[in-house]
Amino acid sequence: KDPELERSFFGHKDNITCLSFRPSMTQLASGSADHTVMVWNFQAHLRAYRYMGHTAPVTCVNFSPSGRLLASSSKDCTVRLWTPKAKGEVAVFKAHTSTVRAVQFSRDGKILLTASDDKSIKIWSTKKMKFQYSLLGHLNWVKTACFSPNNKLVLSGSDDKTVKLWDLHNKTCIKTFWDHNESINCVKFHSSGSIIASCSNDNTIKLIDIRMNKLIQLYENAHESSGKGLSGVTSISFGGSYGEYLISSGADSLIKIWDLKEGHLLYTLYGHKNGPTLATTSSNNGDFFATAGCDEQILLWKSNFRSEVDDEYVNYNNYFTYDSSININGNILHIIIIINNNK
């Protein structure tokens, strides 16, 4: 069964740059170049909430694991925290000396990361939003960053064309990947914790197994260049119950669904118009995904992926216990992935 368009949301007055589902799947948050954050309620009788406070475009939004807080980052150098109710804001702090490109809560909700054009990634304690330490090593803007599922690693991508893997215990970069030829737009961890994905202005999507430091999948010419001279893959998100699909957005205004098990393009979705699509996000259970971009609308899709997963893939990629020492640049890194073995 093909993905189905479930709903569309209108309300922003400029490009929509970022999306985040509330874990309870009752709300979807969006950020825009119109300086606002909006929270869309899935219950039909509830109106959307519009949060004003940022004085420049919003670059990233992320719900905390409990869903009680929503963080947003902006070109105004600040991060704002909101309660996803009508009232909104609870805190604001100047996170960096330049544009903040990314903000994300760890899976346990105890720490928050921010990434910035000041070339740094910062780690904050969510208790009173206290600064903990910086991760330094990128030579240009840090465009994207995220935590590993076990909260022990951070993955980042930069305008310096590198993807870096950081060990939070030692506060050091343990691996640098030079696989792209242009600026990195988005990086993501697979739910298994052992696979990373990155996309770039070089129009490629790459998947690397960090246990072996091996490129395992490459999608070239993933999105066409737009007539306005824009090129590249702008955003990626793992989809499906077990992360067996990848959703991408790009300069060509299209949304593409890649079948990672088979290693090919599965669907091309034409819902967006008027310029690049900029944001994708998937629900935790893989049942839904959302997309947005320069047409100022958010499309909520029912994925219909679930029935296509076979037992062989589930066994191979997610229902196993893996405990191994990996040698990365001479550093021994223990990655322990323990995932539900009950079928």
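Take the position in the sequence shown, starting the count at 1, then add 18; the result is the number in the working numbering.
Where is the CB? At the ideal position from N, CA and C, for every residue including glycine.
Please read all numbers here as calculations on a predicted model, not as lab measurements.
Return the residue from the list the options that minimises the CA-CA distance to residue i.
{"i": "residue 289", "options": "305, 296, 272", "result": "272"}
{"i": "residue 91", "options": "69, 227, 120", "result": "120"}
{"i": "residue 77", "options": "61, 267, 54", "result": "54"}
{"i": "residue 29", "options": "320, 323, 316, 322", "result": "316"}
{"i": "residue 221", "options": "199, 281, 148", "result": "199"}
{"i": "residue 206", "options": "189, 178, 261", "result": "261"}
{"i": "residue 303", "options": "20, 27, 35, 42", "result": "42"}
{"i": "residue 177", "options": "223, 127, 46, 156", "result": "156"}
{"i": "residue 365", "options": "258, 234, 293", "result": "This structure cannot settle anything about residue 365, because the visible part of the chain is limited to 19 through 361."}
{"i": "residue 122", "options": "36, 322, 105", "result": "36"}
{"i": "residue 182", "options": "147, 151, 215", "result": "215"}
{"i": "residue 208", "options": "195, 196, 194, 226", "result": "226"}
{"i": "residue 84", "options": "228, 210, 126", "result": "126"}
{"i": "residue 228", "options": "212, 237, 235", "result": "212"}
{"i": "residue 88", "options": "64, 130, 263", "result": "130"}
{"i": "residue 189", "options": "102, 323, 151", "result": "151"}
{"i": "residue 145", "options": "62, 63, 128", "result": "128"}
{"i": "residue 270", "options": "263, 27, 132, 313", "result": "313"}
{"i": "residue 389", "options": "44, 175, 210, 259", "result": "In the structure as shown, the chain starts at 19 and stops at 361, and residue 389 therefore has no counterpart that could be examined."}
{"i": "residue 234", "options": "281, 179, 194, 241", "result": "281"}
{"i": "residue 259", "options": "210, 236, 291, 193", "result": "210"}
Residues bridged to residue i by DSSP?
{"i": "residue 59", "result": "45"}
{"i": "residue 153", "result": "139"}
{"i": "residue 162", "result": "175"}
{"i": "residue 68", "result": "56"}
{"i": "residue 50", "result": "34"}
{"i": "residue 95", "result": "According to DSSP, which records beta bridges pairwise, residue 95 is partnered with nothing at all."}
{"i": "residue 128", "result": "In DSSP, residue 128 forms no bridge with anything."}
{"i": "residue 89", "result": "80, 99"}
{"i": "residue 24", "result": "In DSSP, residue 24 forms no bridge with anything."}
{"i": "residue 134", "result": "118"}
{"i": "residue 109", "result": "99"}
{"i": "residue 362", "result": "Residue 362 is absent from the structure shown; the chain starts at 19 and stops at 361."}
Can you list, in chain order, the residues of its chain whose CB lies under 6 Å from that of residue i, leaving out five sequence neighbours each side?
{"i": "residue 184", "result": "153, 172, 191"}
{"i": "residue 32", "result": "50, 51, 52"}
{"i": "residue 135", "result": "116, 117, 159"}
{"i": "residue 255", "result": "265, 298, 299, 300"}
{"i": "residue 284", "result": "275, 277"}
{"i": "residue 124", "result": "165, 169"}
{"i": "residue 68", "result": "54, 56"}
{"i": "residue 232", "result": "none"}
{"i": "residue 40", "result": "81, 85"}
{"i": "residue 61", "result": "none"}
Residues in the same chain with beta-carbon distance under 7 Å from residue i, minus the five sequence neighbours each way, listed in chain order, please.
{"i": "residue 71", "result": "98, 107, 110"}
{"i": "residue 267", "result": "252, 253, 273, 295, 296, 297, 298, 309, 311"}
{"i": "residue 74", "result": "53, 92, 93, 94"}
{"i": "residue 25", "result": "318"}
{"i": "residue 218", "result": "198, 200, 201, 202, 203, 250, 251"}
{"i": "residue 149", "result": "140, 142"}
{"i": "residue 38", "result": "47, 79, 80, 81, 299"}
{"i": "residue 286", "result": "272, 274"}
{"i": "residue 34", "result": "48, 50, 296, 297, 310, 311, 314, 316"}
{"i": "residue 45", "result": "57, 58, 59, 60, 102"}
{"i": "residue 239", "result": "221"}
{"i": "residue 194", "result": "180, 182"}
Under 8 Å Cβ to Cβ from residue i, same chain only, skipping five residues before and after it: list those, please.
{"i": "residue 402", "result": "Given that the chain is displayed from residue 19 to residue 361, the structure contains no residue 402 and the question cannot be resolved."}
{"i": "residue 187", "result": "170"}
{"i": "residue 257", "result": "263, 264, 265, 275, 300, 304, 307, 321, 323"}
Would you say the beta carbon of residue i comes nearer than 7 Å to a heavy atom of the ligand PLP?
{"i": "residue 138", "result": "Although the ligand PLP was asked about, the structure shown includes no ligands whatsoever."}
Task: alpha helix (DSSP H) segments (min. 4 residues) lying fully within the stretch 245-328 - done: none
Open item on the list: So within the stretch 199-248, which uninterrupted beta strand (DSSP E) runs reach at least 3 residues, ignoring any that extend past its ends?
Closed with: 202-207, 213-218, 223-227, 232-237
TODO: Note down, one range per segment and in chain order, each beta strand (DSSP E) of at least 3 residues found wholly within the stretch 167-200.
DONE: 171-176, 181-185, 190-195
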